[in-house]
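Peer 1:
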Amino acid sequence: MHTLQTLLQALGVILLADFLTGIGHWLEDAYGTEETPVIGPLVIKPNIVHHHYPRLFTKLTWWQSSWDLLLLGAFFVGLAAWADALTWHVWLFAILCVNANQVHKWSHQTRAENGPLVSFLQDCWILQTPRQHALHHTDPKNTFYCPITNLLNPALEIIGLWPKLEAVIEALTGATHRKDASNRGEGPTPAWVAELRRPSPTADLTSPRGPGNCP
Ligand SMILES: [Zn+2]
Ligand SMILES: [Zn+2]
83 MHTLQTLLQA
93 LGVILLADFL
103 TGIGHWLEDA
113 YGTEETPVIG
123 PLVIKPNIVH
133 HHYPRLFTKL
143 TWWQSSWDLL
153 LLGAFFVGLA
163 AWADALTWHV
173 WLFAILCVNA
183 NQVHKWSHQT
193 RAENGPLVSF
203 LQDCWILQTP
213 RQHALHHTDP
223 KNTFYCPITN
233 LLNPALEIIG
243 LWPKLEAVIE
253 ALTGATHRKD
263 ASNRGEGPTP
273 AWVAELRRPS
283 PTADLTSPRG
293 PGNCP
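The opening residue of the sequence shown carries number 83 in my numbering; numbering runs sequentially from there.
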């Protein structure tokens, strides 16, 4: 019984991390622009690039694509320690969120690039599969935002969470889902993005912050 409880709690933590990183990804895709103060150049630009050139960020190291999530995770763990609430749930949540972009990266790599362990975890749907993540990269790129597992996205699509949230935000603020120039017919591609197609793209523009995002 105790083991079952622990497993259910772990599943809950995994789903929470997947959901919150999905929320971060959705906010970036729907409302962030390269001109958004502070996070625009640091976080939104790489995300925009990722929609145009999805494989670029697979060239980055873990540090290059996860430094910001590591900062957020460390802050969260520190906060929990300060509140005397540093349980294994907090650690699991932080580890998942910090590595959300790495899991996302794996979903853009081949099985040969990922190796047997990651490929096995993807086959078991414990990690998101390339096939499911490809649905997010299908025009108009406004579905399947959660980056960690295959478990949550289908349910969120069935209940229509993202369009419903966007309808609420539009009713409250008038803000609508921004245009995505990587979709067919919504271009042209911004010059600063097209520039990356040329010989040596700058590394710091190629890491998407999906999860961004626990990001
Ligand atoms: Zn996206
Ligand atoms: Zn992606």
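All C-beta atoms, glycine included, are put in the ideal place defined by N, C-alpha and C.
Could you check where the alpha helix (DSSP H) with D100 kicks off and where it finishes?
Peer 2: The residue you call residue 100 lines up with position 18 of the sequence shown. That run of the alpha helix (DSSP H) goes 84–113.
Peer 1: For I301, count neighbouring C-beta atoms within 10 Å of its own C-beta (all shown protein chains included) and say buried if the count is 16 or more, exposed if not.
Peer 2: The structure shown has nothing for residue 301, since the chain only spans 83 to 297.
Peer 1: Ends of the alpha helix (DSSP H) at L151?
Peer 2: Indexing the sequence shown from 1 puts residue 151 at position 69. Unbroken alpha helix (DSSP H) run through L151: 144–164.
Peer 1: First and last residue of the alpha helix (DSSP H) that includes S264?
Peer 2: Residue 264 sits at position 182 when you count from the first residue of the sequence shown. Where S264 is concerned, there is no enclosing alpha helix (DSSP H), given that its DSSP letter is neither H nor E.
Peer 1: Among T225, G269, G197, L152, which one has its Cα closest to the Cα of N183?
Peer 2: By one-based count along the sequence shown, residue 183 stands at place 101. For N183, the nearest C-alpha among the options comes from L152.
Peer 1: On the three-pair Cβ rule with 8 Å, is the region 161–175 touching the region 125–144?
Peer 2: With a cut-off of 8 Å, the region 125–144 and the region 161–175 do not count as touching, because too few Cβ pairs lie within range.
Peer 1: Could you have a look at G256 and say whether DSSP puts it in helix, strand or coil?
Peer 2: Working through the sequence shown from its first residue, we reach residue 256 at position 174. Note: G256 maps to coil in three-state DSSP.
Peer 1: Assign S201 to one of three DSSP states: helix, strand, or coil.
Peer 2: Working through the sequence shown from its first residue, we reach residue 201 at position 119. In this structure, S201 counts as helix in the three-state DSSP scheme.
Peer 1: Rounding to the nearest angstrom, what Cα-Cα distance links L199 and V275 in this structure?
Peer 2: Counting from one through the sequence shown, the residue named residue 199 turns up at place 117. Counting from one through the sequence shown, the residue named residue 275 turns up at place 193. Rounded to the nearest angstrom, the two C-alpha atoms are 34 Å apart.
Peer 1: When DSSP labels each residue in this structure, what does A237 get in the three-state scheme?
Peer 2: Numbered from its first residue, the sequence shown carries residue 237 at position 155. Reduced to three states, the DSSP call for A237 is helix.
Peer 1: At a cut-off of 7 Å, is D107 close to ligand 2 when judged by its beta-carbon and the heavy atoms of the ligand?
Peer 2: The residue you call residue 107 lines up with position 25 of the sequence shown. Before going further, note that residue 107 is His rather than Asp in the sequence given. It does not: the Cβ of H107 is nowhere closer than 7 Å to a heavy atom of ligand 2.
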